[in-house]
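Numbering (the numbering used here), first residue to last: 8 to 874. No residue lacks a Cβ here, since even glycine has one placed at the ideal position from N, Cα and C. Computed from a predicted structure; not experimentally measured. First up is the structure itself, then whatever we jot down about it.
Dropping the structure here:
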């Protein structure tokens with residue numbers, strides 16, 4: 008008491024509203040005690056010059072209650088929980104009638120919101136005869152407010168009946184925290200009656216005679232209406248067809264997004280702005296099951312087993328006609344928010360449906376595509392939508408990635424942060440590279456990094472690393488000489504953020520890819536092993552680890568370390584549960600490669616047979632095309648290695664036919680066809696079909712003259728090529744020159760001098776870009792003599808550009824910069840030397856007398872170009 012008095016005396020001298028407000032509870036308690044004392048002692052009351060009168064004497068009775076009889080309410084609930092109609096029409100006792108009256112008031116209020124002339128339903132009208140509708144409407148509004156203060160619409164049933172209805176409807180102040188706290192304490196053991204009351208209310212609102220559908224009230228009064236009604240509107244807003252159940256359930260899982268510090272933060276559905284009723288619906292399996300049982304909802308499964316829901320055409324049509332434009336727009340926004348919330352963050356990819364089959368992702372993309380294919384999007388969601396689109400830009404089907412990039416570009420604004428600007432630029436560049444437009448891909452990144460973009464966060468630094476990596480990948484594809492000197496020009500800021508660690512890993516992977524692309528397999532092995540070592544600092548996604556291990560196993564095969572390859576593959580297989588998907592298929596092919604290398608052909612065949620059952624039916628994606636062709640080649644090689652040449656021929660022919668049908672693959676890996684033809688030539692020779700062998704050989708040679716060989720398929724351009732071509736050349740002496748990547752010297756199996764006429768007639772095919780062409784072209788070939796007695800070879804390459812170029816300028820010469828290599832020739836001119844028809848030029852000098860070259864032969868070839 009002394010403390011309270013001290014505070015009061017202090018406030019008299021120095022009034023503070025906040026301190027005064029904090030005395031409310033204490034003053035109420037003490038003033039009630041003083042009032043009680045004065046009431047008991049009349050003489051004392053006469054001496055005191057003040058009266059203490061409660062400000063709201065009607066609500067004072069609430070505070071005097073000590074308990075609520077919940078037994079009768081539970082009994083009523085058990086009788087009518089499955090008989091909503093009976094609740095409204097049964098005669099009932101006083102308790103039933105009063106509770107029915109409260110709910111009737113709520114239905115009157117809600118119906119007045121959608122139809123000015125039909126406040127009372129038929130059932131309710133029979134209960135309220137002689138009463139003023141406007142008063143009941145006001146009471147309904149008040150009961151909704153009271154229920155929300157007490158935690159849910161079900162509390163309307165257990166509001167103490169000892170308190171007159173007029174107290175609740177007129178006199179109870181919504182700011183009377185003491186009264187509401189007391190009621191809430193009394194009802195702390197009350198059952199959850201929300202669903203029951205919602206069903207009672209919905210039964211009186213679901214009336215086709217109303218001007219507008221009661222579903223227009225869901226966003227504002229969703230807590231008063233059955234949850235399944237909200238589910239119908241959400242399905243309708245999502246498009247009404249093929250809505251994955253996993254998408255709906257994603258509201259239970261916090262959304263993950265990158266922070267400026269380069270770390271992942273979790274955001275709950277509530278923090279993202281979903282109302283409590285939507286969250287309760289999507290987080291409850293029971294409520295979702297109730298939604299699925301509605302007659303308007305149909306359920307089916309996609310090809311991967313994913314459950315999807317759709318609305319019947321009749322339900323979609325009814326909803327479209329009876330919803331206001333504002334309601335339609337509000338629910339479209341809610342649906343879009345759910346799609347954004349469900350999509351995982353770009354650059355990380357952890358989500359419940361991410362690891363599942365592609366049909367689920369395609370289904371969700373279809374919904375996002377439709378939801379964002381409109382002229383206006385809420386400005387508050389624009390950045391969230393771009394974030395969701397970025398996830399679809401990152402991987403899988405090219406068609407989806409391309410569409411997602413284009414949509415993100417259309418939504419991007421100049422005032423958006425560096426994160427969005429850089430991310431959209433990055434994926435625009437990547438898509439251009441996949442589409443074969445390397446010049447545009449590189450220009451996008453160079454121009455972006457050259458512009459003045461403010462971005463100084465750890466996340467921004469990580470994105471600069473991703474842009475750098477993408478540019479390096481462009482250089483690798485072009486076999487740019489600057490790759491080795493520039494690949495590590497980006498580095499994270501120590502201590503590395505999670506985002507920067509991810510980028511560092513990717514950079515290490517690209518470094519391994521570079522060394523692999525130039526055939527430096529030992530350095531590739533070391534780089535991949537270091538990449539795996541980074542796993543000790545922070546675990547990586549299982550699929551990422553699987554990809555690294557697979558590539559390492561493939562490099563072991565290139566180095567003929569087949570047992571080591573099988574050893575690391577087996578470790579991964581032992582811990583693998585789901586044996587399907589692209590990473591598993593590639594790992595299995597590396598396993599088959601190891602078995603072939605060890606001569607265990609039956610084991611390799613078993614592995615390939617297992618793969619057939621898990622291959623996707625569609626081959627729209629380049630990666631799936633690569634894996635399909637690779638399996639066919641492995642199968643052909645198994646028969647070839649087993650000397651089953653007739654069967655091998657059939658498989659090689661099947662592989663060639665498949666490549667011809669796969670346009671994307673053929674445009675990117677045309678050199679594989681050369682391997683196919685050369686392998687067929689080898690099989691024909693083994694079978695004694697020399698004419699067919701020569702036809703296949705010539706087809707392979709023609710492709711090899713225009714296509715640079717790569718190391719995409721393990722051992723194919725190395726061990727296998729050396730085996731078949733070497734054996735053919737040993738038997739037949741047929742010549743071949745293979746262009747290798749990374750500035751390596753071309754592989755050459757030399758021509759015999761007697762084949763010179765055939766060579767000159769067939770080896771040069773030029774698409775000449777100029778309007779005219781000389782029929783005969785003099786090509787001067789400067790050839791150094793061999794160090795030991797051996798063949799004297801003239802080797803030349805021809806280039807074509809927009810301006811005339813001479814063949815004797817090499818690739819590095821500025822005159823041939825940007826030129827396209829269109830042909831090559833190798834001529835054995837030993838006969839000229841041996842017959843004394845040509846002699847070497849000794850120590851050539853320029854006009855100033857300065858030595859400008861080494862001792863060499865100068866041969867002028869007359870080359871006829873076939874146009």
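Exercise. Taking only runs of the alpha helix (DSSP H) that begin and end inside the region 184–208, which ones reach a length of at least 4 residues, in chain order?
Worked result: At a cut-off of 4 residues, the continuous stretches assigned as alpha helix (DSSP H) that sit fully inside the region 184–208 are 184–193.
For this session: Compare the Cα-Cα distances from residue 352 to each of 267, 395, 677 and 133 and report the closest residue.
Result: Relative to the Cα of residue 352, the nearest Cα in the group 267, 395, 677 and 133 belongs to 395.
Problem set entry | residue 863 - partner residues in DSSP beta bridges | Under DSSP, residue 863 shares a beta bridge with 848.
For this session: Could you name each continuous alpha helix (DSSP H) segment of 4 residues or more that falls completely within the region 44–82, going from the start of the chain to the end?
Result: At a cut-off of 4 residues, the continuous stretches assigned as alpha helix (DSSP H) that sit fully inside the region 44–82 are 49–54 and 64–71.
Problem set entry | Nearest-angstrom Cα separation, counted from residue 365 out to residue 233 | Going by C-alpha positions, residue 233 is about 34 Å away from residue 365.
Exercise. Residue 454 bridges to which residues according to DSSP?
Worked result: As far as DSSP is concerned, residue 454 takes part in no beta bridge.
Problem set entry | The alpha helix (DSSP H) enclosing residue 635, as first and last residue numbers | 629–648 is the span of the alpha helix (DSSP H), which, as asked, contains residue 635.
Problem set entry | Counted within 10 angstroms of its Cβ, other Cβ atoms place residue 623 as buried (16 or more) or exposed | Residue 623 should be labelled buried.
Exercise. How long is the line joining the alpha carbons of residue 487 and residue 472, rounded to whole angstroms?
Worked result: When rounded, the distance between both Cα atoms is 19 Å.
Problem set entry | Extent of the continuous beta strand (DSSP E) run through residue 98 | Counting along the chain, residue 98 falls outside any beta strand (DSSP E), and DSSP gives it neither H nor E.
Exercise. CA-CA distance, residue 142 and residue 112?
Worked result: Approximately 9 Å, taken between the alpha carbons.
Exercise. Given residue 917, which residues of its chain have a CB within under 8 Å of its CB, disregarding the five upstream and five downstream residues?
Worked result: The chain is shown only over 8 to 874; residue 917 falls outside these bounds and no answer can be derived.
Problem set entry | DSSP-derived helix/strand/coil call for residue 262 | Residue state, collapsed to three classes: strand.
Exercise. By Cβ distance below 8 Å, which residues in the same chain neighbour residue 489 in space, the five residues on each side in sequence not counted?
Worked result: Annotation for residue 489: 482 place their beta carbon closer than 8 Å to its own, counting only its chain and skipping 5 residues before and after.
For this session: Label residue 564 either buried or exposed according to how many other C-beta atoms from any shown protein chain fall within 10 Å of its C-beta, with 16 as the threshold for buried.
Result: When all chains shown are included, residue 564 counts as buried.
Problem set entry | Bounding residues of the beta strand (DSSP E) (the contiguous stretch that carries residue 304) | First-last of the beta strand (DSSP E) with residue 304: 304–308.
For this session: Taking 8 Å as the cut-off, decide whether the C-beta atoms of residue 468 and residue 507 are in contact.
Result: Less than 8 Å divides the Cβ of residue 468 from the Cβ of residue 507.
For this session: Go ahead and pull the three-state DSSP assignment for residue 747.
Result: In the structure shown, residue 747 sits in coil (DSSP, three-state: anything other than H, G, I, E or B).
Problem set entry | Sequence ranges, beta strand (DSSP E) only - wholly within the region 222–282, length at least 3 | The region 222–282 contains, as complete beta strand (DSSP E) runs of 3+ residues, the segments 262–265 and 271–274 (chain order).
Exercise. Touching or not, the region 215–228 and the region 108–126, by the rule of three or more beta carbon pairs under 8 Å?
Worked result: Three or more pairs of CB atoms, one per stretch, sit closer than 8 Å, so the region 215–228 contacts the region 108–126.
Problem set entry | Sheet register partners of residue 835 (DSSP bridge) | For residue 835, the beta-bridge partners assigned by DSSP are 800.
For this session: Check whether the region 529–538 touches the region 574–584, counting contact only when three or more Cβ pairs, one atom from each stretch, lie closer than 8 Å.
Result: Taking a contact to require three or more Cβ pairs closer than 8 Å, the region 529–538 and the region 574–584 do not qualify as touching.
Exercise. Given residue 319, which residues of its chain have a CB within under 6 Å of its CB, disregarding the five upstream and five downstream residues?
Worked result: Excluding positions up to five away in sequence, the list reads 303.
Exercise. According to DSSP, is residue 7 helix, strand or coil?
Worked result: Coverage of the chain is limited to positions 8 through 874, which leaves residue 7 absent and any answer about it impossible.
Problem set entry | Per-residue burial, residue 659 [other beta carbons within 10 Å of its own, 16 or more giving buried] | With 16 or more other Cβ atoms within 10 Å, it is buried.
Exercise. Whose C-alpha, out of 729, 593 and 696, is nearest the C-alpha of residue 682?
Worked result: Distance from the Cα of residue 682 is smallest, within the candidate group 729, 593 and 696, for 729.
Problem set entry | Residue span of the alpha helix (DSSP H) that contains residue 316, given as start and end | It is not in any alpha helix (DSSP H) - residue 316 instead sits in the beta strand (DSSP E) that spans 314–318.
Problem set entry | For residue 69 and residue 163, believed in contact at Cβ under 8 Å, the rounded distance | Distance from residue 163 to residue 69 at the Cβ level is roughly 16 Å; contact not present, criterion being Cβ atoms closer than 8 Å.
For this session: Go ahead and label residue 46 buried or exposed: buried means 16 or more other beta carbons lie within 10 angstroms of its beta carbon, across all protein chains shown.
Result: Burial is judged here by how many other beta carbons sit within 10 angstroms of a residue's own beta carbon; residue 46 has fewer than 16 and is exposed.
For this session: Below 8 Å on the Cβ atoms is my guess for residue 597 versus residue 603; work out the distance and round it to an integer in Å.
Result: Incorrect: roughly 11 Å between the Cβ atoms, too far for contact.
Problem set entry | Check whether residue 399 and residue 348 have beta carbons under 8 Å apart | In this structure, the beta-carbon distance from residue 399 to residue 348 does not fall below 8 Å.
Exercise. Hey, quick one: how far does the alpha helix (DSSP H) through residue 733 stretch, first residue to last?
Worked result: Run containing residue 733: 728–739, per the alpha helix (DSSP H) assignment.
Problem set entry | Segment contact flag, the region 247–262 with the region 164–179, C-beta cutoff 8 Å, min 3 pairs | The way I'd put it, the region 247–262 doesn't touch the region 164–179; fewer than three beta-carbon pairs between them come closer than 8 Å.
Exercise. At which residues does the alpha helix (DSSP H) containing residue 540 begin and terminate?
Worked result: From DSSP, the alpha helix (DSSP H) with residue 540 extends over 528–540.
Exercise. Helix, strand or coil: which one does DSSP assign to residue 159?
Worked result: In the three-state scheme derived from DSSP, where H, G and I count as helix and E and B as strand, residue 159 is classed as coil.
Exercise. Going by other Cβ atoms of all chains shown within 10 Å of its Cβ, with 16 needed for buried, is residue 13 buried or exposed?
Worked result: Around the beta carbon of residue 13, fewer than 16 other beta carbons lie within 10 angstroms, which makes this residue exposed.
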